[in-house]
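Top line first, the protein sequences correspond to chains A and B. Note that my numbering has the first sequence beginning at 1, numbered continuously upward. Note that my numbering has the second sequence beginning at 1001, numbered continuously upward.
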Amino acid sequence: MSITVAGKTIETDEEGYLANRTDWSEEVAKEMAKADNCDLSQNHWEVLNFLREYYDEYQIAPAVRVLTKAIGKKLGPDKGNSKYLYELFPYGPAKQACKYAGLPKPTGCV
Amino acid sequence: MADIEAPVLGEYQIIPKIKLGTMAGSMPYIAKPDIQAGVGFPKELVPDWENVAVKKLGEMVSESRALQVFLDSCVKCGACTDKCHYYLGTSDPKNMPVARQDLLRSVYRRYYTFAGKHFPKLVGARDMTKDVLDEWYNYFHQCSQCRRCSVFCPYGIDTAEISMAAREIMDTVGQGQKYCNEVLIKLHSIGNNLGLPGPALANTLEGLEEDVKDDTGVDVKYPVDVKGAEVLLVTPSADFFAEPHVDGLIGYGKVFHAAGTSWTLSSHASEAGNFGMFIGSNKDLHKVARRIREAALELGVKRIIVGECGHAWRVAYSFWNSIIGPFDFLDQRYPIPQHICEFTYDLIQRKALKFDKSANDDKVVTFHDSCNVARASRMGNMPGGQFIIPRAVVRASVNKFFDMAPETIYESTYCCGGGGGLLTDELLDLRIKGTAPRMQAFKEVVEEHGVTHIAAICAICKAQFTKVLPYYKFPMDTIQSVHGLVSKAIRLGAVNE
């Protein structure tokens, strides 16, 4: 499978996650979100940027609790919870946000 | 939420009329060549795969008397037909356990029985063809290996064993399942199903220590790789990552703290789960389990305790001793292995823990027996301990508890709908339909007793319910970890009196 961003074809897996993480750009994220009828707001970007930073350091997406804590610090305590993250990413913050951020899908019993 | 319609729940569970082929299109992604190779299976369908499959089946039958008995002894009595949650949820007759077994049995008969060799049509024997293989792939991935059907089979035929055997054959010929095999690659290379490396684990645990300190004022530790600790805790890696799993992990730490027992996690064996069982691969089952023995020896622990993971407890309780034993290096005065619920229950019995149940007064709780715990293991030293002990732990933590209907719990428990290697997004339709009988029973206690939450001791159940509950109009946080309830109610030291 693949997506087309600014005329360039980018390879993804069956579920739309990037095959190569280096193919990521902000435009790729926007294109993926558009396919899900999702408009990326500044708050979405706070989550995506944190995911990418965390992944660069630890080679894995952050645990849900690590993510909610970090977002609470950035956007205010009323937004530091998974309910808010599900409002931003209704398909599940761990999976949908990882996809837009160009990270691999979390696997296992999650 | 994906756009999938859940079955409408009625007043009580009905047995649906059959609808042929409704789930014929349901299948998980096939593993790509690199994933197949990563677990040591052929990258794609091997040349002459039909004969390879038949030969493999013959070897498995000759090595496993159980498998042979299961394939030989069905008398088509029909007792199993309405017992599978996937049949009840999908109406597809191929999800009747007998029909699922027959997918493999028909090939077995064709090549390994006199009647099947000479009069195949008379005995429902089939040649091994691509259509048959594809049908296996679809319907053996609509079995969560929960073994509810085997409870009702007068011969005790275990469909889970048949489904594991079929998956092993499919891997052997090169048609494996992406989800399970990808998870196994991460386990073998990193040590857990998530692929959570040691530094990320340490960072996550540090965060938990801070959170618990903020909440309780107490320095509860979540140690990793501590040599000389009394207890090695192996728990599903989802406990580090997901909700409500992590609440359970926080609870284990508080119980160890209150008991004054030194404990540690291991970054080498940072997973209790063992997907080797789901795909029927003995090689992987052993290899995954061996990490735990290695970690226990390396860290010099005296006891091994298993966290809230259903199939891990089956593997630990029923298989560990023969596949990674003997455990002569552990303290023989304690159960080997021990379940975290047994550990907490023992402390409760000795009145060594203090609870304020009113901390959970916002909840009316029921308990979902996870299939592998219920039907493939035991806890404590009394018959039915695996049912009694987790409930006793819940009841010590909450004031309001009600069980679901008796035919849906204990050894007759319904699967959550996501077990046995099916917890993957492309099977969401199946998972939503398959959880219908459990949701039916849950809805009844919600309406009758005002139940608000359902507690479980399995990472798969927790992830599955989080995902599927909203399709039945229940909030996703309806599902709780048993030790998450413990965590809320337990009082630690003077600060929390």
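C-beta: ideal position from N, C-alpha, C; glycine also. Since the structure is predicted, the reported quantities are computational estimates derived from the model, not experimental observations.
Residue i: first and last residue of the uninterrupted beta strand (DSSP E) it sits in
| i | result |
| --- | --- |
| Glu192 (chain A) | Outside the modelled stretch of chain A, which goes from 1 to 110, sits residue 192 (chain A), for which no answer is possible. |
| Arg1350 (chain B) | Where Arg1350 (chain B) is concerned, there is no enclosing beta strand (DSSP E), given that its DSSP letter is neither H nor E. |
| Val1231 (chain B) | 1231-1234 |
Residue-chain proximity (residue i, chain A), Cβ-Cβ < 8 Å
| i | result |
| --- | --- |
| Gly1038 (chain B) | no |
| Gly1273 (chain B) | yes |
| Val1393 (chain B) | no |
| Thr1204 (chain B) | yes |
| Phe1540 (chain B) | Because chain B is modelled from 1001 through 1497, residue 1540 (chain B) falls outside the range shown and cannot be assessed. |
| Lys1055 (chain B) | no |
| Val1075 (chain B) | no |
| Leu1233 (chain B) | no |
| Lys1186 (chain B) | yes |
| Leu1423 (chain B) | yes |
N-terminal and C-terminal residue of the alpha helix (DSSP H) that residue i is part of
| i | result |
| --- | --- |
| Lys1388 (chain B) | The sequence shown places Ile at residue 1388 (chain B), not Lys. Unbroken alpha helix (DSSP H) run through Ile1388 (chain B): 1385-1397. |
| Ile1460 (chain B) | 1459-1468 |
| Ser1062 (chain B) | 1049-1063 |
| Gln1440 (chain B) | 1436-1449 |
| Gln1480 (chain B) | Looking at the DSSP string, Gln1480 (chain B) is not in any alpha helix (DSSP H); the run it does join, the beta strand (DSSP E), is 1479-1481. |
| Asp1219 (chain B) | Careful: Asp1219 (chain B) lies outside any alpha helix (DSSP H) and carries neither H nor E. |
| Gly1116 (chain B) | 1114-1118 |
| Glu87 (chain A) | 82-88 |
| Met32 (chain A) | 26-35 |
| Ser1322 (chain B) | 1320-1324 |
Below-8 Å beta-carbon distance, residue i vs any chain B residue
| i | result |
| --- | --- |
| Ser2 (chain A) | no |
| Thr107 (chain A) | yes |
| Pro93 (chain A) | no |
| Tyr58 (chain A) | yes |
| Arg65 (chain A) | yes |
| Lys73 (chain A) | no |
| Ser82 (chain A) | yes |
| Val47 (chain A) | no |
| Pro77 (chain A) | no |
Reference residue i; option with closest CA among the options
| i | options | result |
| --- | --- | --- |
| Phe1241 (chain B) | B:Ile1460, B:Ala1376, B:Gly1450 | B:Ile1460 |
| Glu1243 (chain B) | A:Asp23, A:Thr22, A:Thr68, A:Cys98 | A:Thr68 |
| Leu1285 (chain B) | B:Phe1256, B:Lys1017, B:Ala1316 | B:Ala1316 |
| Pro62 (chain A) | B:Asn1203, B:Ala1258, B:Thr1466 | B:Asn1203 |
| Thr1264 (chain B) | B:Val1288, B:Leu1205, B:Trp1320 | B:Leu1205 |
| Phe1140 (chain B) | B:Ser1322, B:Glu1182, B:Lys1094, B:Lys1130 | B:Lys1094 |
| His1085 (chain B) | B:Gln1440, B:Glu1063, B:Ser1487 | B:Gln1440 |
| Lys1462 (chain B) | B:Ile1479, B:Pro1097, B:Ile1015 | B:Ile1479 |
| Met1382 (chain B) | B:Gly1038, B:Glu1342, B:Val1468 | B:Glu1342 |
| Phe1387 (chain B) | B:Thr1366, B:Phe1114, B:Asn1399, B:Lys1400 | B:Thr1366 |
| Arg65 (chain A) | A:Gln59, A:Glu57, A:Val47 | A:Val47 |
| Ala1405 (chain B) | B:Leu1071, B:Ala1374, B:Lys1443 | B:Lys1443 |
| Phe1355 (chain B) | B:Val1054, B:Phe1402, B:Leu1485, B:Leu1422 | B:Leu1485 |
| Ile1279 (chain B) | B:Ala1160, B:Asp1346, B:Val1220, B:Asp1369 | B:Ala1160 |
| Val1054 (chain B) | B:Phe1152, B:Glu1011, B:Thr1113 | B:Thr1113 |
Residue i - partner residues in DSSP beta bridges
| i | result |
| --- | --- |
| Thr1366 (chain B) | B:Ile1454 |
| His1339 (chain B) | B:Val1306 |
| Ser2 (chain A) | A:Glu11 |
| Tyr1177 (chain B) | Looking at the sequence provided, one finds Gln at residue 1177 (chain B) rather than Tyr. In DSSP, Gln1177 (chain B) forms a bridge with B:Ile1030. |
| Thr1264 (chain B) | B:Leu1232 |
| Lys1354 (chain B) | B:Arg1491 |
| Phe1401 (chain B) | B:Val1365 |
| Val1224 (chain B) | B:Leu1265 |
| Leu18 (chain A) | A:Thr12 |
Own chain residues within Cβ distance below 7 Å of residue i, not counting five before or after
| i | result |
| --- | --- |
| Ala1272 (chain B) | Val1234, Thr1235, Pro1236, Val1306, Gly1307, Cys1309, Ala1312 |
| Lys95 (chain A) | Lys105, Pro106 |
| Glu1497 (chain B) | In this predicted model, Glu1497 (chain B) has a pLDDT of only 44, less than 50, meaning its place in the structure is not dependable enough to derive any value. |
| Lys1227 (chain B) | Leu1299, Gly1300 |
| Glu1230 (chain B) | Thr1261, Ser1262, Trp1263, Val1301, Lys1302, Arg1303 |
| Gly1385 (chain B) | Arg1378, Met1379 |
| Glu31 (chain A) | Ile3, Val5 |
| Lys79 (chain A) | Ile71, Gly72 |
Beta-carbon contacts of residue i that lie in its chain and below 6 Å, excluding the five residues immediately before and after
| i | result |
| --- | --- |
| Glu11 (chain A) | Ser2, Ala19 |
| Gly1493 (chain B) | Val1218 |
| Ala1436 (chain B) | Pro1007, Gly1089 |
| Thr9 (chain A) | Ser2 |
| Phe1041 (chain B) | Asp1171, Gly1176 |
Sequence-distant residues of its chain with Cβ nearer than 8 Å to residue i (five each side left out)
| i | result |
| --- | --- |
| Val1495 (chain B) | Confidence in Val1495 (chain B) is poor, its pLDDT being 43 and thus under 50, which makes the residue's placement unreliable; the coordinate value appears in the next sentence. Thr1216, Gly1217, Val1218. |
| Leu1330 (chain B) | Ala1296, Val1301, Lys1302, Arg1303, Ile1304, Ile1336 |
| Asn1193 (chain B) | Val1183, Lys1186, Leu1187, Pro1236, Ser1237, Ala1238, Glu1271, Gly1273, Phe1275 |
| Tyr1029 (chain B) | Gln1177, Lys1178, Tyr1179, Thr1424, Glu1426 |
| Gln1101 (chain B) | Phe1070, Leu1071, Cys1074, Ile1157, Thr1159, Ile1162 |
Any C-beta of chain C under 8 Å from that of residue i
| i | result |
| --- | --- |
| Glu15 (chain A) | No chain C appears in the structure shown, which is made up of the protein chains A and B. |
Residue i: CB within 7 Å of a non-hydrogen atom of the ligand NAP
| i | result |
| --- | --- |
| Lys1283 (chain B) | Ligands in the displayed structure: none, and consequently the ligand NAP is not present. |
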